[in-house]
Amino acid sequence: MLLEREREAIVRACRDLAAAGLVVGTAGNVSVRAGDLVAVTPSGVDYAALAARDVGVHRLDGAPVEAPLAPTSELPLHLAVYGAYDTAAVVHTHSVAATAVSTLADELPAIHYYVAMFGGAVRVAPYATYGTSELASHVVAALRERTACLMGSHGAVTIGPDLKAAYDRAGYLEWVCEVYLRAAAAGQPRLLPPEEISAVAARLASYGRQPGRA
Ligand SMILES: [Zn+2]
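Reminder that position 145 of the sequence shown reads as 155 in our numbering, one-by-one numbering, no gaps.
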């Protein structure tokens, strides 16, 4: 089986996303790039029943190489991200707080130093119908110099040098969105200046630590 390790990791990530409440039902999708190939979740399969062999392998132009099921409808989004950025994994969720923020704002502002993990304030990509190339290009633009974006009235995308990094960022993004919603409901949150976010980003890069353990 092609990309067996990557496909097994995607199955585990999907089950973890569901268990963590970051997706509901068959929503969300996950991909990993390995060279000229992309392993990506199929469309509409319950994560509890998902097996590694169900995870499709496609070329970067979308052509199926070893894909027994139809790919996620967001395959164009995953491929567009790999075409635009040097990244190895894409996680797309419909997590509740991130989706709520995506309906309210143009960006998730720098209310907490964790946004340094994403490269700064997280943009909200304009809404477009799911599965369209228009949505894919909005997401690519919103990810410029960032490792995360929100998708207007839809959900969130995180990327990373490996699946663990992209998966972990999805959880941190959800946490910051939840904090933002609670803070904004109670008052006007204070924002951190861009130079502080840059300083935190430099610390993260130099120590290679997760911010929670810093
Ligand atoms: Zn979606």
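Where a beta carbon is used, it is the ideal one built from N, C-alpha and C, also for glycine.
{"Check": "Per DSSP, the bridge partner or partners of Thr36", "Outcome": "BP columns for Thr36 are empty, so no partner."}
{"Check": "Backbone secondary structure at Leu183 - three-state DSSP", "Outcome": "helix"}
{"Check": "Assigned exposure category for Thr113 - 16 Cβ within 10 Å defines buried", "Outcome": "exposed"}
{"Check": "Beta-carbon proximity check, Leu32 vs Ala180, cutoff 8 Å", "Outcome": "yes"}
{"Check": "Distance between Leu47 and Ala73 (C-alpha atoms, nearest Å)", "Outcome": "10 Å"}
{"Check": "Proximity test, Glu144 beta-carbon vs ligand 1 heavy atom, cut-off 7 Å", "Outcome": "no"}
{"Check": "Neighbour-count burial assignment, Ser208, 16 or more Cβ in a 10 Å radius", "Outcome": "exposed"}
{"Check": "Nearest candidate by alpha-carbon position, reference Pro203, set Arg63, Asp26 and Ile121", "Outcome": "Ile121"}
{"Check": "Arg200, buried or exposed, once every other Cβ within 10 Å from all chains shown has been counted against 16", "Outcome": "exposed"}
{"Check": "Cβ-based burial, Ala224 [other Cβ within 10 Å; buried from 16]", "Outcome": "Because Ala224 sits at a pLDDT of 40, beneath the cut-off of 50, its placement in the model cannot be relied upon, and the following sentence gives the value as read from the coordinates. Its Cβ having fewer than 16 others within 10 Å, Ala224 is exposed."}
{"Check": "Straight-line Cα distance separating Ala158 from Arg43", "Outcome": "17 Å"}
{"Check": "Beta-carbon separation (whole angstroms), Cys24 vs Leu70, contact threshold 8 Å", "Outcome": "About 22 Å separates the two Cβ atoms, so there is no contact after all."}
{"Check": "Glu117 Cβ short of 7 Å to ligand 1 heavy atom set", "Outcome": "no"}
{"Check": "Residue span of the beta strand (DSSP E) that contains His104, given as start and end", "Outcome": "His104 -> no beta strand (DSSP E), and no H or E assigned at all."}
{"Check": "Where the beta strand (DSSP E) through Ala166 begins and ends", "Outcome": "Gly165 to Gly170"}
{"Check": "Contacting residues, own chain, Cβ-Cβ under 8 Å from Glu18 (five flanking each side not counted)", "Outcome": "Ala62"}
{"Check": "Environment of Pro171 [buried if 16+ CB atoms lie within 10 Å]", "Outcome": "exposed"}
{"Check": "Anticipated Cβ contact below 8 Å, Pro52 with Val65, distance rounded", "Outcome": "7 Å"}
{"Check": "Straight-line Cα distance separating Glu205 from Ala58", "Outcome": "44 Å"}
{"Check": "For Leu85 and Ala94, the rounded distance between their alpha carbons", "Outcome": "14 Å"}
{"Check": "Proximity of Val91 and Val149 at Cβ, strictly below 8 Å", "Outcome": "yes"}
{"Check": "Burial state of Tyr124 (16 or more Cβ within 10 Å)", "Outcome": "buried"}
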